[in-house]
Amino acid sequence: MRRLLVGLIVAVLTVTGLLALRAELMTVEVEQPEGSYTEVLVAADVVRENADVRAEMTHGLVSTCRLLVNADVVEQSFRAVGDGVFAFRLRPGLDEFDRRELRGCLSDLRVQHLRVHVRHLQTVTPADDDRRRDGTPAAGRR
Amino acid sequence: MRAVSWAVATLTLVASGGYALVYVYRWEWHRALLVGLIFLAALIGSGTALVLRRLGRLERRVAQGADRAPPTVLHRLRSAPVESPPFRWLRPPDPDRSSVFIPFLIGGGVLLSAVAWLVERVAGAAARTGIEEELADRLREVAFPAAPLVPSAGEVLAGCAGPEDAGLRVLLGPSAGTPG
Numbered sequence: 068m069r070r071l072l073v074g075l076i077v078a079v080l081t082v083t084g085l086l087a088l089r090a091e092l093m094t095v096e097v098e099q100p101e102g103s104y105t106e107v108l109v110a111a112d113v114v115r116e117n118a119d120v121r122a123e124m125t126h127g128l129v130s131t132c133r134l135l136v137n138a139d140v141v142e143q144s145f146r147a148v149g150d151g152v153f154a155f156r157l158r159p160g161l162d163e164f165d166r167r168e169l170r171g172c173l174s175d176l177r178v179q180h181l182r183v184h185v186r187h188l189q190t191v192t193p194a195d196d197d198r199r200r201d202g203t204p205a206a207g208r209r
Numbered sequence: 012m013r014a015v016s017w018a019v020a021t022l023t024l025v026a027s028g029g030y031a032l033v034y035v036y037r038w039e040w041h042r043a044l045l046v047g048l049i050f051l052a053a054l055i056g057s058g059t060a061l062v063l064r065r066l067g068r069l070e071r072r073v074a075q076g077a078d079r080a081p082p083t084v085l086h087r088l089r090s091a092p093v094e095s096p097p098f099r100w101l102r103p104p105d106p107d108r109s110s111v112f113i114p115f116l117i118g119g120g121v122l123l124s125a126v127a128w129l130v131e132r133v134a135g136a137a138a139r140t141g142i143e144e145e146l147a148d149r150l151r152e153v154a155f156p157a158a159p160l161v162p163s164a165g166e167v168l169a170g171c172a173g174p175e176d177a178g179l180r181v182l183l184g185p186s187a188g189t190p191g
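Quick mapping for you: the protein sequence lines, in order, are chains A and B.
Be aware that the first sequence starts at 68, since it is given in my numbering, and climbs by one per residue.
Be aware that the second sequence starts at 12, since it is given in my numbering, and climbs by one per residue.
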């Protein structure tokens with residue numbers, strides 16, 4: 068009886084975990100409004116590397132990861148906004164599943180000796196832009 | 012020391028397995044691969060250690076058994092009864108007991124079988140003659156006729172051959188010949 072109960076609990080936990088993984092790893096494409104874009108802000112840190120190459124390494128990582136989500140980095144949008152903090156913009160805007168994938172790719176250890184922490188990742192639609200101009204808070208998707 | 016090793020192995024297994032799931036959940040494939048390798052290594056190590064521990068335990072048990080076996084066997088052999096009187100059932104202490112019932116039953120069965128076999132043989136030999144005569148009578152009824160059904164060409168030309176049965180002549184037609 069006890070063994071049966073333990074087996075049942077393990078089975079329930081396994082099924083729940085698998086369903087959660089499935090939900091999180093889905094790659095469904097959700098159409099984004101025309102003119103939408105995704106803003107990304109990352110903090111990069113290098114280990115056993117010269118800090119001068121930090122921007123270059125981060126740019127390389129961004130170039131790699133944007134291939135996964137099939138979006139282009141907007142030209143000249145990649146810029147340093149602080150010490151080791153970089154911002155860039157992707158167009159067209161990413162849906163929820165692509166945002167998850169991009170966040171994972173940027174946080175992953177793809178480039179040796181480079182650790183990136185995603186601080187902000189949001190898709191902005193033209194409607195959000197209008198609201199920003201009007202002064203109302205944007206309802207962008209993070 | 013051994014307990015610490017097992018604790019470390021278990022902790023490594025649980026932590027690496029959990030982190031592998033978390034990293035997959037976060038789409039961080041490289042990290043997931045790294046901790047997955049650690050998980051696999053810990054799993055193989057723990058499994059091998061478990062198997063080796065079991066084998067060691069078995070080996071010790073077999074060795075202990077081998078040391079202990081000869082005196083036990085010898086003791087049992089010596090403590091066993093030397094010889095039991097043969098055919099004890101033929102010498103019952105009480106003459107009223109029916110201990111010989113089963114041997115008599117078996118012997119009677121053998122004798123009865125012999126008598127039955129003898130009766131079967133005699134009856135078969137006696138009945139065979141009558142059965143053969145009856146069979147010969149039955150076969151005679153279905154035997155082919157002595158004369159051929161259809162006359163030969165010479166007999167047809169001579170016009171003197173043909174079945175005597177009128178119905179058979181109708182059945183065979185002109186080839187049966189014309190009765191003389």
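Ideal Cβ placement from N, Cα and C applies to all residues, glycine included.
Counted as a single uninterrupted DSSP element, the beta strand (DSSP E) harbouring A:E106 occupies residues Y104 to V113. Contact note: B:Y36 reaches chain A through A87, L88, E91 and L92, using a C-beta cutoff of 8 Å and chain order. DSSP places A:Q99 outside both helix and strand once states are collapsed to three, so it counts as coil. Interface residue (Cβ-Cβ distance to chain B less than 7 Å): A:L80 is not classified as such. Excluding sequence positions up to five before and after B:P114, its CB lies less than 6 Å from no other CB in the same chain. For A:R146, the CB contacts under 8 Å within the same chain, skipping 5 residues up- and downstream, are F153, A154 and F155 in chain order. By the Cβ-count criterion, B:E70 is exposed, with fewer than 16 other Cβ atoms from all chains shown falling within 10 Å of its own Cβ. Annotated as proximal: B:Y36 and A:E91, with beta-carbon spacing under 7 Å. Residue range F112 to E152 is occupied by the alpha helix (DSSP H) that includes B:A138.
Membership of B:A158 in any alpha helix (DSSP H) is not indicated, and neither H nor E is assigned to it by DSSP. When rounded, the separation of the alpha-carbon atoms in B:L66 and B:L24 is 23 Å.
Here A:L188 carries a strand assignment [DSSP, helix/strand/coil]. With respect to the C-alpha of B:G56, the residue from B:A138, B:W17, B:G29 and B:G118 having the closest C-alpha is B:W17. Within the same chain, S27, Y30, A31 and Y34 come within 7 Å of B:V46 by CB-CB distance, once the 5 residues on both sides are set aside. Per DSSP, B:A53 has no beta-bridge partner at all. In this structure, A:H187 sits away from A:L135, with a CB-CB distance that is not shorter than 7 Å. For B:R42, a Cβ of chain A is located within less than 7 Å of the residue's own Cβ.
Between A:D175 and chain B, the shortest Cβ-Cβ separation is below 7 Å. Going by DSSP, A:R146 is part of the beta strand (DSSP E) stretching over R146 to G149. Proximity of chain A to B:L22 at the Cβ level (cut-off 9 Å) is not reached, the minimal Cβ distance being about 20 Å. A:F164 sits in a helix when the DSSP states are folded into three classes. Closest by C-alpha distance to B:T21, out of B:L51, B:L44, B:L146 and B:S163, is B:L51. Under the three-state reduction of DSSP output, B:V93 falls in the coil class, being neither helix nor strand. In the structure shown, A:R158 adopts extended strand secondary structure according to DSSP, grouped into three states. Judged by DSSP secondary structure, A:L85 falls within the alpha helix (DSSP H) whose first and last residues are R69 to E91. Under the 7 Å criterion on CB atoms, B:E94 is classed as non-interfacial with respect to chain A. For B:L32, the chain A residues whose C-beta falls within less than 8 Å of its own C-beta are G84 and L88, listed in chain order. Only those residues of the region 148-178 of chain A whose C-beta falls short of 8 Å from the nearest C-beta of chain B are listed: R167, E168, R170, G171, C172, S174, D175, L176 and R177.
Judged by their CB atoms, A:V185 and A:L173 are nearer to each other than the 7 Å cut-off. Interface annotation, B:E39: in contact with chain A, CB-CB separation under 7 Å.
For B:W17, the enclosing alpha helix (DSSP H) begins and ends at R13 to Y36.
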